[in-house]
Amino acid sequence: MQKQIIKYSFLVVAISLSLLSCVKDVDFDQADDFEISPVVESSLIFFEGQANRFLLNTNEIVSIKDSVTVEFFNSNFIVDNLIKSEFVFEAVNSISKEFQVRVDLINDLELQVHSFTLTASPSTNGNDVLSDHTEVFENDKLEALKNTSKIVFTLSLLSGETINQSTLGRIKLQSKAVFYLNIGEEL
Amino acid sequence: MMRRFIFFLTLASCCLSFSQNKQILYGFSDIPQSTLLNPGKLIKNDWYFGIPLLSHIHANVGITGSTVYDIFANDGIDFNAKLQNAVYGMEANDFFSVNQQLEIFSGGFSFGSSYEKNEYISFGLYQELDVIAYFPKDLAILALEGNQNNINRSFSTSQVSVAAEAISVLHLGYTKKVNDHFTFGIRGKIYSSIANINATKNKGRFITVRGQNNFYDHIFNLDLEARTSGIASLSEDGSDSNSVARDLKKRLLFGGNLGLGFDVGFTKQLNKQWSFDASLLDVGFIRHTKDIENYKIEGDIVFEGINPIFPDIGNGQTAEDYWSEIEEDFEEIFELDTTATKYTTWRPIKLNTSLNYAFGKKKDKTCNCVKEEGDYLNAAGMQLFAMSRPKRPLLALTAYYYRRLFNGLQIKTTYTIDSYSPYNIGLGMSANLGKLNFYVMADNFLEFKNIYNAQSVSLQLGFNYIFNKNED
Chain A
1 MQKQIIKYSF LVVAISLSLL SCVKDVDFDQ ADDFEISPVV ESSLIFFEGQ ANRFLLNTNE
61 IVSIKDSVTV EFFNSNFIVD NLIKSEFVFE AVNSISKEFQ VRVDLINDLE LQVHSFTLTA
121 SPSTNGNDVL SDHTEVFEND KLEALKNTSK IVFTLSLLSG ETINQSTLGR IKLQSKAVFY
181 LNIGEEL
Chain B
1 MMRRFIFFLT LASCCLSFSQ NKQILYGFSD IPQSTLLNPG KLIKNDWYFG IPLLSHIHAN
61 VGITGSTVYD IFANDGIDFN AKLQNAVYGM EANDFFSVNQ QLEIFSGGFS FGSSYEKNEY
121 ISFGLYQELD VIAYFPKDLA ILALEGNQNN INRSFSTSQV SVAAEAISVL HLGYTKKVND
181 HFTFGIRGKI YSSIANINAT KNKGRFITVR GQNNFYDHIF NLDLEARTSG IASLSEDGSD
241 SNSVARDLKK RLLFGGNLGL GFDVGFTKQL NKQWSFDASL LDVGFIRHTK DIENYKIEGD
301 IVFEGINPIF PDIGNGQTAE DYWSEIEEDF EEIFELDTTA TKYTTWRPIK LNTSLNYAFG
361 KKKDKTCNCV KEEGDYLNAA GMQLFAMSRP KRPLLALTAY YYRRLFNGLQ IKTTYTIDSY
421 SPYNIGLGMS ANLGKLNFYV MADNFLEFKN IYNAQSVSLQ LGFNYIFNKN ED
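Protein chains in written order, with full-length UniProt numbering: chain A, 1 to 187; chain B, 1 to 472.
As structure tokens, this is what we get:
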């Protein structure tokens with residue numbers, strides 16, 4: 001009886017082991033190839049102003065400047081994983097005057113690394129005029145973006161009628177950034 | 001390292017899982033450890049003790065949705081394509097789970113006033129690890145695609161649900177056969193939590209919608225919390241592997257966060273051949289009061305971009321001011337609030353029930369007739385297992401066949417339908433060599449031809465010393 005029990009026990013264990021040992025070819029090193037490429041969009045800057053907001057004590061303001069310090073573009077995550085970026089601007093102008101927005105990218109040493117401008121064409125009849133601009137960051141420009149720690153916006157009023165209290169219309173600017181990421185190796 | 005970790009998480013959430021269903025051991029009353037699955041069923045021995053550390057080793061890993069093979073097959077297909085298929089193919093209710101138990105010691109003995117001993121006391125100490133992580137599908141898709149093609153799509157952060165605990169359990173059980181028709185039992189348990197992570201009540205979402213003032217409004221509405229106990233001190237400065245080991249040993253022996261619970265069960269003999277039994281296990285809680293560290297992310301933000309109000313013409317606020325305010329809001333929402341609030345966790349409750357039919361008595365060689373006395377050699381029946389889990393209960397239905405081959409060798413085979421697979425075949429055996437009892441059982445035999453393609457695998461084995469007074 002004992003012998004039979006031992007014999008059967010061994011048989012069961014042997015069958016189990018032989019079944020367990022069957023493994024199809026897998027390759028866990030494939031994990032090294034891991035990469036994902038999400039595309040993220042984010043609102044950037046925006047403003048809207050009636051014509052008379054560009055007056056200071058009844059005098060037209062020729063140019064207005066403002067800046068933002070951002071630690072986002074030179075963060076490790078962006079530096080490692082951003083492969084391309086686009087800044088998309090959309091301006092709507094119903095003022096009979098041309099506007100220009102200059103965007104300067106400034107690095108830690110307060111040096112300008114890149115600059116671009118977009119113009120909002122004037123309206124001739126008070127209707128909305130649409131202008132758009134897409135700034136693409138690739139290669140050198142992308143490197144410049146990854147060095148950016150401050151962005152300076154300069155709004156300038158260009159040709160057209162001089163603004164006074166009775167000037168009609170408004171200007172509206174919207175913008176977004178598109179980030180093309182590739183996350184993998186650097187993790 | 002980070003990549004491997006993310007990988008493990010991906011795997012954890014998509015490819016593996018353990019269930020705590022021990023369908024082969026349930027009702028296998030030749031094996032003393034079956035009493036842990038139903039204290040209301042008398043086990044067949046006079047007394048026994050488990051070989052320390054070897055009396056019950058149980059491991060079970062399971063994953064619903066995809067399998068390890070789906071992702072790692074060496075088939076020349078691009079790895080990332082396979083990964084994407086896995087992500088798209090799985091649902092937020094898919095999960096990865098691990099359950100492991102190791103009995104440190106156990107024993108039991110029968111007693112009773114009548115000549116047939118009708119009461120049984122069993123006791124022991126075992127360690128258990130239980131992990132479950134659900135697949136956060138929305139976040140996986142957000143990571144894979146980004147929000148560009150998902151404007152207006154709400155990404156739920158409530159799908160993040162993870163619970164992990166390592167505990168030790170000291171237990172004492174009592175079984176009584178009231179009469180030929182009814183047996184009941186109860187087991188009291190003291191839990192000592194070695195470590196616990198609980199993040200099962202997350203809420204919130206992230207969504208990008210078309211905005212009023214700018215292209216988009218990005219809406220963050222987050223309420224995430226992870227509660228931990230027994231983890232913080234292990235990573236404290238000055239702790240090395242020795243002190244950690246010492247710490248863990250202490251917690252194994254009731255130096256951890258303590259809890260109480262019980263098991264109950266009964267067996268109803270309907271007639272000579274039919275019986276019905278049921279048990280409810282781990283009705284209990286653990287109160288976490290020591291070494292607690294909870295993390296919380298909570299808040300609402302709608303981000304529409306930066307408005308450089310141009311201070312010359314605005315209210316004097318510069319874009320810098322405007323941006324700092326937004327930055328502060330973001331910091332506030334994403335900053336981990338760490339608290340040490342005590343908390344209580346409930347143990348996952350398990351329900352087992354079965355309907356059994358015994359048949360086929362041993363033939364008497366001397367008269368070539370069936371013996372009137374003695375047990376039936378075969379049993380067949382249906383078992384139902386249910387277990388509470390963070391999102392929804394786990395269910396398993398099993399059909400089984402049990403056979404006593406000899407006095408010292410019994411086998412049981414099972415066919416189970418559960419969350420992991422509709423065709424899970426299990427096989428178990430218990431053998432007595434003299435007083436030494438050895439048992440081994442495993443399931444998902446059909447998948448053993450390629451273990452990496454299995455959605456769940458479980459294995460139990462152990463050695464006991466069993467004593468019976470009137471052995472053949």
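In this text, a Cβ means the ideal position worked out from N, Cα and C, and glycines have one as well.
If you're wondering where the values come from, they're calculated on a predicted model, not measured in any experiment.
To the nearest angstrom, how far is it from the Cα of residue i to the Cα of residue j?
i              : j         : result
ALA232(B)      : ALA399(B) : 45 Å
MET387(B)      : TYR180(A) : 44 Å
ASP140(A)      : LEU394(B) : 55 Å
ASP291(B)      : ASP247(B) : 12 Å
ASP33(A)       : SER97(B)  : 26 Å
SER175(A)      : PRO390(B) : 43 Å
ALA226(B)      : ASN164(A) : 59 Å
VAL169(B)      : ILE301(B) : 45 Å
PHE215(B)      : LEU157(A) : 24 Å
LYS350(B)      : ASN81(A)  : 46 Å
SER121(A)      : PHE47(A)  : 16 Å
LYS342(B)      : ARG287(B) : 8 Å
LEU83(B)       : ALA59(B)  : 27 Å
LEU270(B)      : GLY40(B)  : 15 Å
LYS296(B)      : LYS137(B) : 21 Å
ASP132(A)      : VAL88(A)  : 8 Å
THR318(B)      : PRO308(B) : 7 Å
ILE115(A)      : LEU105(A) : Looking at the sequence itself, residue 115(A) is Ser, so the reference to Ile does not match. Cα to Cα, the separation comes out at about 6 Å.
ASP312(B)      : VAL101(A) : Annotation note: pLDDT 49 at ASP312(B) (below 50); position unreliable, coordinate value reported separately. Those two C-alpha atoms are separated by around 15 Å.
LYS97(A)       : GLU86(A)  : 27 Å
residue 473(B) : LEU172(B) : What the structure shows of chain B is the stretch from 1 to 472, and residue 473(B) is not part of that stretch, so it cannot be assessed.
LYS176(B)      : LEU355(B) : 20 Å
LEU155(A)      : GLU298(B) : 38 Å
ILE466(B)      : TRP346(B) : 34 Å
TYR64(B)       : LEU54(B)  : The sequence given here has Thr at residue 64(B), not Tyr. Looking at the two C-alpha atoms, the distance is approximately 30 Å.
GLU320(B)      : LYS150(A) : 10 Å
LEU142(B)      : PHE105(B) : 48 Å
SER421(B)      : LEU384(B) : 15 Å
THR167(A)      : ASP128(A) : 15 Å
LYS469(B)      : LYS201(B) : 53 Å
LEU253(B)      : TYR126(B) : 10 Å
ASN147(B)      : GLY62(B)  : 32 Å
PHE330(B)      : TYR322(B) : 13 Å
residue 515(B) : ASN407(B) : Outside the shown range of chain B (1 to 472) lies residue 515(B), about which nothing can therefore be said.
Report, in whole angstroms, the separation of the C-beta atoms of residue i and residue j, which I expect to be a contact under 8 Å.
i         : j         : result
PHE135(B) : ASP70(B)  : Contact doesn't hold; Cβ gap of about 13 Å is too wide.
ASN80(B)  : GLU60(A)  : Going by Cβ atoms, the distance from ASN80(B) to GLU60(A) rounds to 56 Å, so no, they are not a contact pair.
ILE417(B) : LEU397(B) : 5 Å
SER94(A)  : GLY169(A) : 4 Å
TYR402(B) : ASN378(B) : 7 Å
GLU90(A)  : LEU145(A) : Contact doesn't hold; Cβ gap of about 20 Å is too wide.
Item to check | Contact list for the region 78 to 98 of chain A against chain B, Cβ threshold 9 Å | outcome: VAL88 and GLU90
Next on the checklist: Extract the residue ranges of the beta strand (DSSP E) inside the region 20 to 70 of chain B, only unbroken runs of 3 or more that lie entirely within it.
Outcome noted: 47 to 50 and 57 to 63
Next on the checklist: Give the list of continuous alpha helix (DSSP H) stretches no shorter than 4 residues that lie fully inside the region 225 to 282 of chain B.
Outcome noted: 241 to 250
Checklist entry - In chain order, what residues of the region 55 to 88 of chain B put their CB closer than 9 Å to some CB of chain A? => result VAL68, TYR69, ILE71, PHE72, ALA73, ASN74, ASP75, ASP78, PHE79, ASN80, LYS82, LEU83 and GLN84
Item to check | Positions along the region 107 to 129 of chain A whose CB lies within less than 9 Å of some CB in chain B | outcome: none
Item to check | Residues from the region 127 to 147 of chain B in contact with chain A, defined by Cβ distance under 8 Å | outcome: Taking 8 Å as the Cβ-Cβ cut-off against chain A, the residues of the region 127 to 147 of chain B that qualify are LEU142, ALA143, LEU144, GLU145, GLY146 and ASN147.
Checklist entry - How do the region 189 to 196 of chain B and the region 161 to 168 of chain B stand: do at least 3 beta-carbon pairs fall below 8 Å, yes or no? => result yes
Next on the checklist: Closer than 9 Å between beta carbons: that is the criterion. Which residues of the region 298 to 309 of chain B meet it against chain A?
Outcome noted: PHE303, GLU304, GLY305, ILE306, ASN307, PRO308 and ILE309
Checklist entry - For the region 81 to 163 of chain B, which segments carrying the alpha helix (DSSP H) assignment without a break, of at least 4 residues, lie completely within its bounds, in sequence order? => result 137 to 145
Checklist entry - When the Cβ atoms of the region 107 to 122 of chain A are set against those of the region 26 to 36 of chain B, are three or more pairs found closer than 8 Å? => result With the cut-off at 8 Å, the region 107 to 122 of chain A and the region 26 to 36 of chain B do not touch.
Item to check | Uninterrupted beta strand (DSSP E) stretches inside the region 157 to 211 of chain B (no shorter than 3 residues) | outcome: Correct list: 162 to 177, 182 to 199 and 203 to 210.
Checklist entry - Touch check for the region 206 to 222 of chain B and the region 261 to 278 of chain B: three-plus C-beta pairs under 8 Å? => result no
Next on the checklist: Just to confirm the assignment: which complete beta strand (DSSP E) runs, minimum length 3, are found wholly within the region 341 to 396 of chain B?
Outcome noted: Within the region 341 to 396 of chain B, the complete beta strand (DSSP E) runs of at least 3 residues fall at 343 to 346, 350 to 361 and 376 to 387.
Item to check | Three CB pairs or more closer than 8 Å across the region 453 to 464 of chain B and the region 431 to 442 of chain B | outcome: yes
Checklist entry - If you measure beta-carbon to beta-carbon, which residues of the region 207 to 224 of chain B are closer than 8 Å to chain A? => result Contact residues of the region 207 to 224 of chain B toward chain A are THR208, GLY211, ASN213, ASN214, PHE215, TYR216, ASP217 and HIS218 (C-beta to C-beta distance below 8 Å).
Item to check | Proximal residues, the region 381 to 413 of chain B versus chain A, C-beta separation under 8 Å | outcome: Those residues of the region 381 to 413 of chain B that come within reach of chain A (Cβ to Cβ, closer than 8 Å) are LEU405, PHE406, ASN407, GLY408, LEU409 and ILE411.
Item to check | Interface residues of the region 165 to 178 of chain A facing chain B [CB-CB below 8 Å] | outcome: GLN174, SER175, LYS176 and VAL178
Next on the checklist: Extract the residue ranges of the beta strand (DSSP E) inside the region 31 to 109 of chain A, only unbroken runs of 3 or more that lie entirely within it.
Outcome noted: 39 to 50, 63 to 69, 82 to 93 and 97 to 106
Checklist entry - Mind listing which residues of the region 424 to 447 of chain B have their C-beta closer than 8 Å to chain A's C-betas, in chain order? => result LEU427, MET429, ALA431, ASN432, LEU433, GLY434, PHE438, VAL440, ALA442 and PHE445
Next on the checklist: Beta carbons nearer than 9 Å to chain B: which residues of the region 40 to 54 of chain A have them?
Outcome noted: VAL40, GLU41, SER42, SER43, LEU44, ILE45, PHE46, PHE47, GLU48, GLY49, ARG53 and PHE54
Next on the checklist: Residues of the region 23 to 39 of chain A in Cβ contact with chain B at a cutoff of 7 Å, in chain order, please.
Outcome noted: VAL23, LYS24, ASP25, VAL26, ASP27, PHE28, GLN30, ALA31, ASP33, PHE34, GLU35, ILE36, PRO38 and VAL39
Checklist entry - Using a beta-carbon distance cut-off of less than 7 Å, what residues from the region 146 to 158 of chain A approach chain B? => result Only those residues of the region 146 to 158 of chain A whose C-beta falls short of 7 Å from the nearest C-beta of chain B are listed: PHE153 and LEU155.
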